[in-house]
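Visitor: The structure is given below, and queries will be raised subsequently.
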Amino acid sequence: MENSQDPFNQKPMTRRVRKKRRRTHTLTQNEPVSTQIVNAISDDDMYYLNDAGQVVHRIRKKRKKTSNNHSQTSNVMAPPKKHPYLPLLVLLALITGMMTILINCYQPIAIPDFTTKSIQVAKKWSEKYDIPITTQDVFIPNQKNGQVLKQTVDSVNQSLTLLVSTQKPEKADLVDLPDFKGKSRADVQSWAKLHRINVTMTNVESTAPVDTVINQSILPETLVNLNTVLHVTISKKRPQLTVPDYSQKSLSELKADSSRLKEVTIQERFSETIPYGKLISQLPKKGEVIDLDEYPNPLINLVYSIGRPYLPAYFGQMEQDIPCLIERDFTSKGAKVTFQTYDVPSSYSKGSIVEMNKFNQYIPLDFHVKFGISTGYTDYTADPSFYCEYNEK
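Be aware that the sequence shown starts at 886, since it is given in our numbering, and climbs by one per residue.
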């Protein structure tokens, strides 16, 4: 029993390995050596000696093995782990803070509308808020000098561009382009020289007045820079023919002039008032202008008088030729002549004309002719040498 209570002969108990606790007190030089030795040995034992030299039984409470205790122990013992998104979160926080500061410090400036106001008003506002202004002088006739016509805001560069009217063309940066349609060539050239605009002209045949503007490449009322190239279309005279007065030429004179026959067509008509060989009408009329581009081969229709209608004697002609004779000698020349036939017992060949109510005399333009046709007493063969030929003109 004594051996069992001897702390020096007692076997150490089996226990789990854990970190040894350090004594809270420290040895001094005044402590006995035996006490120091016992203290040194007792670190691994259940007993120890106090300062009075007494053996004190060390009682240790066993802790329950729980997952919480284990996790707490592992957390305490293990080094702290770094969060993988920690740098990103820090950067995001810095950016958010800077943006908040900028938003709170920045105060936007409202830009007023300077249109129709004087440029001096805009310059005073620019000096007050320290915002640069760019001006462009525009020449517009009958516009107040120094008036703002248009403004453009550049929000990126914090600047303002103003179009300002000026009455000095030589100092203008932009020019308001007028409408040149109908203006003369000289007007365009003088305007372009004054406003330093380059003009190219193209001549085109047109019915518009000669040397006037037909079209322009840039629309009117457009603001253009100096030395801009403007293309202008100018009308030029087209090849034309002025219809002459043919009333001064007789029918015989015109037929004798072979060169005139290429540009005219002649028709002969009866007339009770206009003498033979004189002009009744012409189309187009005298003095009219014919566009040779549109009508490269113009024809002038001339109508000449051949006097009053004259009814010749058609005795001996066959009945079947009467329509042809009337059409050729009267209807085609403007006279309205009708006819009728009746039978006449005669020794002349059957079917030949032996009687006429009028013949070898002038007749009115509207006339009716009666023809007596022979019934014949003997057989007769028609003369093959006669043939009524009529070609309508």
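By construction, the Cβ of each residue, glycine as well, lies at the ideal position given by its N, Cα and C atoms. Quick caveat, the model's predicted, so the values are computed rather than measured.
Could you spell out where the alpha helix (DSSP H) holding S850 opens and where it closes?
Guide: Examination of residue 850 is not possible in this model, given that the chain is present from 886 through 1278 alone.
Visitor: Going by DSSP in three states, I1258 sits in which element: helix, strand or coil?
Guide: What you label residue 1258 is simply residue 373 of the sequence shown in a count that begins at 1. Correct three-state label for I1258: strand.
Visitor: From which residue to which residue does the alpha helix (DSSP H) around V1006 run?
Guide: Here residue 1006 refers to the residue found at position 121 of the sequence shown. V1006 -> alpha helix (DSSP H) spans 1004-1014.
Visitor: Is V1117 closer than 9 angstroms to V1098 when the C-beta atoms are compared?
Guide: Within the sequence shown, residue 1098 is the residue found at index 213, counting from 1. Within the sequence shown, residue 1117 is the residue found at index 232, counting from 1. Contact: yes.
Visitor: Is Q1074 buried or exposed, if buried means 16 or more other CB atoms sit within 10 Å of its CB?
Guide: Walking along the sequence shown from the start, residue 1074 turns up at place 189. Result: exposed.
Visitor: Between which two residues does the alpha helix (DSSP H) holding K1078 run?
Guide: Taking the sequence shown and counting its residues from 1, one reaches residue 1078 at position 193. First-last of the alpha helix (DSSP H) with K1078: 1070-1080.
Visitor: Just how far apart, CA to CA, sit Q939 and Y970?
Guide: Sequence index remark: in the sequence shown, residue 939 carries index 54 (1-based). Sequence index remark: in the sequence shown, residue 970 carries index 85 (1-based). Approximately 59 angstroms between the Cα atoms of the pair.
Visitor: Hey, could you find the ends of the alpha helix (DSSP H) I1211 is sitting in?
Guide: What you label residue 1211 is simply residue 326 of the sequence shown in a count that begins at 1. That run of the alpha helix (DSSP H) goes 1207-1214.
Visitor: Put Q1133 into one of helix, strand or coil per three-state DSSP.
Guide: Position 248 of the sequence shown, counting from 1, holds the residue named residue 1133. Reduced to three states, the DSSP call for Q1133 is helix.
Visitor: Of the choices L977, A978, L1048, I1016, whose alpha-carbon is the least far from that of I1004?
Guide: Here residue 1004 is taken as the residue at index 119 of the sequence shown, counted from 1. The option with the nearest alpha carbon to I1004 is L1048.
Visitor: Going by Cα to Cα distance, which pick from G1162, Q1021, E1148, R1154 is closest to S1137?
Guide: For the purposes of this step, residue 1137 is taken as the residue at position 252 of the sequence shown. Closest option to S1137, Cα to Cα, is G1162.
Visitor: Could you tell me the boundaries of the beta strand (DSSP E) in which R1154 lies?
Guide: Here residue 1154 is taken as the residue at index 269 of the sequence shown, counted from 1. Note, R1154: beta strand (DSSP E), 1149-1154.
Visitor: What do you reckon, are the CB atoms on T1046 and Q1021 nearer than 9 angstroms?
Guide: On the sequence shown, position 161 is the one that residue 1046 refers to. On the sequence shown, position 136 is the one that residue 1021 refers to. Going by C-beta atoms, T1046 is nearer than 9 angstroms to Q1021.
Visitor: Using 10 angstroms around the beta-carbon of Y1199, count the other beta-carbons present and answer buried if the total reaches 16, otherwise exposed.
Guide: As a working mapping, residue 1199 is identified with position 314 in the sequence shown. That one is buried.
Visitor: Taking the alpha-carbon positions, what's the M983 to A1007 distance?
Guide: For the purposes of this step, residue 983 is taken as the residue at position 98 of the sequence shown. For the purposes of this step, residue 1007 is taken as the residue at position 122 of the sequence shown. Each residue's alpha carbon lies about 34 angstroms from the other.
Visitor: Would the beta-carbon of L1059 fall within 9 angstroms of that of L1111?
Guide: Here residue 1059 is taken as the residue at index 174 of the sequence shown, counted from 1. Here residue 1111 is taken as the residue at index 226 of the sequence shown, counted from 1. Yes, the pair counts as a contact, with Cβ atoms nearer than the cut-off.
Visitor: Please report the straight-line C-alpha distance between V1229 and I1211, rounded to a whole angstrom.
Guide: In the sequence shown, the residue the question calls residue 1229 occupies position 344. In the sequence shown, the residue the question calls residue 1211 occupies position 326. The alpha-carbon atoms of V1229 and I1211 are separated by roughly 21 angstroms.
Visitor: How should Y1131 be labelled, buried or exposed, when 16 other C-beta atoms within 10 angstroms of its C-beta is the threshold for buried?
Guide: Translated into the one-based positions of the sequence shown, residue 1131 becomes position 246. Y1131 is buried by the Cβ-count criterion.
Visitor: What does DSSP give as the partner residues of F1224 in its beta bridges?
Guide: Taking the first residue of the sequence shown as 1, we reach residue 1224 at position 339. For F1224, which the question treats as bridged, DSSP gives the partners V1254.
Visitor: With a CB to CB cut of under 6 angstroms and the five nearest residues on each side skipped, what residues in its chain are close to L1187?
Guide: By 1-based counting over the sequence shown, the position of residue 1187 is 302. Closer than 6 angstroms at the Cβ level, and outside the excluded window around L1187, lie Y1131, V1149, I1151, Q1167.
Visitor: Quick one, which of V1038, G1236, Y1247, D1251 has its alpha-carbon nearest G1257's?
Guide: Here residue 1257 refers to the residue found at position 372 of the sequence shown. Selected option, being the one with the closest Cα: G1236.
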